[in-house]
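There are 2 protein chains.
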Amino acid sequence: MEPSAARQVNRSAVLWALLQEGTATRVRLAEVTELSAATVSRVVDGLVADGLAREAPSLRTGRPGRRVTPVEVVAEAGAVVGVDLGGSNCRMLAVDLLGQVMGRARKPTPARLSTRRLAAWVGDEVRALVERPPFLFVTVGLPGIVDIETSAVRAAPNLPQVEGLDFVAHLRSQLPATVGFDNDSNLAALGEMRLGAAQGKRSAVMFTIGAGLGAGVVLDHRLLRGRTGLVGEFGYLPFGGRGEALEEILSARGLVAAAQRRGIEIPSPEAIFAAPALPPLRAVRARFEDGLLLAVVAATAAYEPEVVVLGGGVADSLAAVLPRLQARLRAAVPNPPEVRLSSLGDLAGAIGAVISGLHDAYIAVGVDPSLLDGSVGPGLEGLQALPGKGHADVP
Amino acid sequence: MEPSAARQVNRSAVLWALLQEGTATRVRLAEVTELSAATVSRVVDGLVADGLAREAPSLRTGRPGRRVTPVEVVAEAGAVVGVDLGGSNCRMLAVDLLGQVMGRARKPTPARLSTRRLAAWVGDEVRALVERPPFLFVTVGLPGIVDIETSAVRAAPNLPQVEGLDFVAHLRSQLPATVGFDNDSNLAALGEMRLGAAQGKRSAVMFTIGAGLGAGVVLDHRLLRGRTGLVGEFGYLPFGGRGEALEEILSARGLVAAAQRRGIEIPSPEAIFAAPALPPLRAVRARFEDGLLLAVVAATAAYEPEVVVLGGGVADSLAAVLPRLQARLRAAVPNPPEVRLSSLGDLAGAIGAVISGLHDAYIAVGVDPSLLDGSVGPGLEGLQALPGKGHADVP
DNA sequence: GATAATACCTTCAGTCTGCAATCTATTACA
DNA sequence: TGTAATAGATTGCAGACTGAAGGTATTATC
């Protein structure tokens, strides 16, 4: 370890403390980091020189003594845009370095555009959302499996243009930014973990029951991605005596098909759960519940999460199902997690993307990755207060 | 970061390099650690003073120049004993700091002893195996679920004396050592990962099919333990149309019961796989295979391991089953792992326990845990050459 | 035996930290 | 209004540590 590496480490510690506090006096930073006030002062000078921190107007404390001179993050030094590019809708959320919301958008995804044009569209939308900051991080959630190494996308039937490497490459060339990609369910899980239904927990599994069955796994505040990004895809499990794939049960597609097989024409999958129902619909529901139980049991056996979050279009209709599911779960496994509904609604993906992007941004400004790993991170008050959380119809 | 912390970091790096090499010149250590030769020399002086390293007799190199003075680990400075305390047999393996085998034992577990007496027996056996070294680490694998925080044991039907905290506490008071406890399947997975069927891979899942169904999950060279130590227990999954628990299929107990239900009296579970078989036995086999497929599919969906290892008493009989299982797996999931049989046999648990204990020992002598985490670690040549690996009948 | 090559050690300048003293801004109070 | 009290921020200094350069011991080769 070179001598100057010590400085790096301390810089990282102070910067991380400052990000978590948002604004703090040097004395406070010294307490939190357990460094001497002298070192903190010197490091803060460096951060100011780097444009990452500035002195805020001093505050009157009411007590005798010199006024405190708070130091604050230069939040606008960097920006992060989270994009949740779904098959039908695209959510975007722009925040500054402290997670304060700078802009948001919700548009129908122009799903019929070519790969290149779709990338250009996303690039335009991102640029419309943020002034060009000193540095910019963009994270895009895609409805497919994203390879952790190469960002190659596959299995994206709802938006096939993004498959392969072209979309990724085009978008990267479009934006003067570091652009990351991930599976939308993974990001949604990250969002619910940090600010949603699993807030404050160390581990959670989120199932996104939409067109298909998606899953995201967070253990120790960290996304479990696996070799090819398929982790948590319990849709492959055989279900029932005929060994149907679980994804055929736990998806809008499957629900509609099951209803049709019983001669029921329904306007939307959600209608299946609109009480009261006739006996044939009840059978569809029961089958869905059995499938859901299997998924949650599998997730429990696999990861022992503290919470299982249910999201996606169908989830809102499941409130009535939860108590029974929870009871059956208690009977099935010795360590049942709590099952909850998504609380971020269709914003979960964009919020998760922002969190992922902030993670990258913090590393870029010199925060040691090991600090970010197990920890909760900055407050993100701006995101917490986000209006429209959980309501799909707010723009 | 205090100034002296830099020394710690470099000491850790040099010590880790030295452990991996076993014996190395200072120049070699400087290369590996990317530190200056000066720093390495100073750090080595410190290690020698601490009794962890010593100069070996200098070697003639054949090339011009001063003779090299190799530095070697004082392997006998510490000892590690791995204990696999099963319901019927107890395997023990003692190694030094470099993983060189110092002693081994295999005894029937005195399963009828009381909690206190069983702990005393284990303590005696461990003491019989190793001289008292400067420091001693013991890791005990138990046939039950071990809480990661408290070491409290539960669900150990095959050795109920060890349940709760009494056995753990008694054994700890018996031995002048740091004593760790873990689930035997977890340790077996660690063993197969490091030296057995999954050697060289980053991730693996091992199912131990014995009296019950056990599982161990290793991701990125690290055991996934979960909140209560239950991770990987897919025995809770419902199987087949009647929703029987998978553990009832994938266990010696379940196999015997299934055979009996079909009117077959068998001497041992293994006999079920002794070819050729009559039709009723074939049905039992088929059911077992279906269950196995479910377990492997679940593990694949959950973790995407590179390898799935099958171990336990029944595993040896499964060689003929593997090709068909592998083929069905390829059809079921897009990212099938390789399925292999355990190569360490009933030594896997003890070897895994030793590896776990070495991990603790290395941390105790000052190796930074983050170095150990993602890395492969010392060569453990002594363990690799262990005679009797894979043969249950060698003492 | 001289010379070159190699490994290890020592010296020295530089960076960084923590401690303690000092500087500076503020409030309380006569 | 002036002075003491108080507390945050900075600076001087000693100590720890590193890397680079140069020194010394040991060996092979001519």
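Residue numbers (my numbering), protein chains in the order written: chain A, -16 to 378; chain B, -16 to 378. All C-beta atoms in this analysis are idealised placements derived from N, C-alpha and C, irrespective of residue type, glycine included. Source: prediction; values computed, not measured.
One or two residues paired with residue i in a DSSP bridge
i: glutamate 55 (chain A); result: A:Thr6, A:Arg37
i: glutamate 114 (chain B); result: Partner(s): none; glutamate 114 (chain B) has no beta bridge.
i: alanine 347 (chain B); result: Its beta-bridge partners do not exist; DSSP assigns none.
i: glutamate 227 (chain A); result: A:Phe222
i: proline -14 (chain A); result: Paired residues: none, contrary to the question.
i: methionine 75 (chain B); result: B:Val66, B:Ala88
Residue i - containing beta strand (DSSP E), residue span
i: arginine 323 (chain B); result: 321 to 324
i: methionine 189 (chain B); result: 187 to 192
i: valine 267 (chain A); result: No beta strand (DSSP E) contains valine 267 (chain A), which is instead part of the alpha helix (DSSP H) from 262 to 286.
i: valine 214 (chain B); result: Per DSSP, valine 214 (chain B) belongs to no beta strand (DSSP E) and is neither H nor E.
i: glycine 237 (chain A); result: Glycine 237 (chain A) -> not in any beta strand (DSSP E); alpha helix (DSSP H) instead, spanning 235 to 244.
i: valine 27 (chain A); result: No beta strand (DSSP E) holds valine 27 (chain A); the alpha helix (DSSP H) holding it covers 20 to 32.
i: alanine 152 (chain A); result: Per DSSP, alanine 152 (chain A) belongs to no beta strand (DSSP E); it is in the alpha helix (DSSP H), 149 to 157.
Distance, residue j Cα to residue i Cα
i: threonine 211 (chain A); j: glycine 48 (chain B); result: 51 Å
i: leucine 119 (chain A); j: arginine 268 (chain A); result: 46 Å
i: proline 319 (chain A); j: leucine 170 (chain B); result: 25 Å
i: leucine 112 (chain B); j: isoleucine 192 (chain A); result: 56 Å
i: arginine 323 (chain A); j: glycine 209 (chain B); result: 20 Å
i: glutamate 227 (chain B); j: leucine 308 (chain B); result: 21 Å
i: glycine 294 (chain B); j: valine 57 (chain B); result: 35 Å
i: valine 279 (chain B); j: valine 31 (chain B); result: 49 Å
i: glycine 296 (chain A); j: glutamate 253 (chain A); result: 8 Å
i: alanine 331 (chain A); j: glycine 179 (chain A); result: 8 Å
i: alanine 187 (chain A); j: glutamate 287 (chain A); result: 8 Å
i: valine 78 (chain B); j: threonine 6 (chain B); result: 17 Å
i: valine -8 (chain B); j: proline -14 (chain B); result: 11 Å
i: arginine 46 (chain B); j: leucine 305 (chain B); result: 53 Å
i: glutamine 3 (chain B); j: leucine 264 (chain B); result: 50 Å
i: arginine 89 (chain B); j: valine 109 (chain B); result: 12 Å
i: alanine 310 (chain A); j: valine 316 (chain A); result: 10 Å
CB contact flag (residue i, residue j, <7 Å)
i: glycine 199 (chain B); j: alanine 172 (chain B); result: yes
i: leucine 327 (chain A); j: glycine 218 (chain A); result: no
i: glutamine 157 (chain B); j: alanine 102 (chain B); result: yes
i: valine 26 (chain B); j: valine 64 (chain B); result: no
i: glycine 274 (chain B); j: isoleucine 232 (chain B); result: yes
i: histidine 451 (chain A); j: glycine 362 (chain A); result: Chain A is shown only over -16 to 378; residue 451 (chain A) falls outside these bounds and no answer can be derived.
i: serine -5 (chain B); j: aspartate 351 (chain B); result: yes
i: glycine 124 (chain A); j: alanine 336 (chain A); result: yes
i: threonine 98 (chain A); j: glutamine 144 (chain A); result: yes
i: arginine 137 (chain B); j: isoleucine 128 (chain B); result: yes
i: serine 151 (chain A); j: serine 134 (chain A); result: Note that residue 151 (chain A) corresponds to valine in the displayed sequence, not to serine. For valine 151 (chain A) and serine 134 (chain A), yes; Cβs fall inside 7 Å.
i: alanine 39 (chain B); j: glutamate 55 (chain B); result: yes
CB contact check: residue i to chain A, cutoff 7 Å
i: glutamate 216 (chain B); result: yes
i: valine 15 (chain B); result: no
i: alanine 344 (chain B); result: no
i: glycine 385 (chain B); result: No answer is possible for residue 385 (chain B): it lies beyond the span of chain B, which begins at -16 and ends at 378.
i: glutamate 287 (chain B); result: yes
i: asparagine 166 (chain B); result: no
i: glycine 224 (chain B); result: yes
i: valine 331 (chain B); result: For the sequence presented, residue 331 (chain B) should be read as alanine rather than valine. For alanine 331 (chain B), the answer is no, since every Cβ of chain A falls outside 7 Å of its Cβ.
i: methionine -16 (chain B); result: yes
i: valine 377 (chain B); result: Low local confidence applies: a pLDDT of 38 at valine 377 (chain B) is under 50, so the model's placement there is unreliable, with the coordinate-based value given in what follows. Not closer than 7 Å to any Cβ of chain A, the Cβ of valine 377 (chain B) fails to qualify, so no.
i: alanine 284 (chain B); result: yes
i: alanine 194 (chain B); result: no
i: valine -8 (chain B); result: yes
i: alanine 152 (chain B); result: no
i: alanine -11 (chain B); result: yes
Cutoff 7 Å: residue i Cβ touching any chain B Cβ
i: leucine 213 (chain A); result: yes
i: valine 316 (chain A); result: yes
i: alanine 281 (chain A); result: yes
i: glycine 373 (chain A); result: For glycine 373 (chain A), the predicted structure reports a pLDDT of 45, less than 50, and the residue's modelled location is therefore unreliable. A value from the coordinates is still provided. No, no contact with chain B.
i: alanine 20 (chain A); result: no
Segment limits, alpha helix (DSSP H) that includes residue i
i: asparagine 169 (chain B); result: 167 to 178
i: alanine 94 (chain A); result: Unbroken run through alanine 94 (chain A): none, as it is neither H nor E.
i: valine 365 (chain A); result: The sequence given here has glycine at residue 365 (chain A), not valine. Glycine 365 (chain A) -> alpha helix (DSSP H) spans 364 to 367.
i: alanine 310 (chain B); result: 305 to 315
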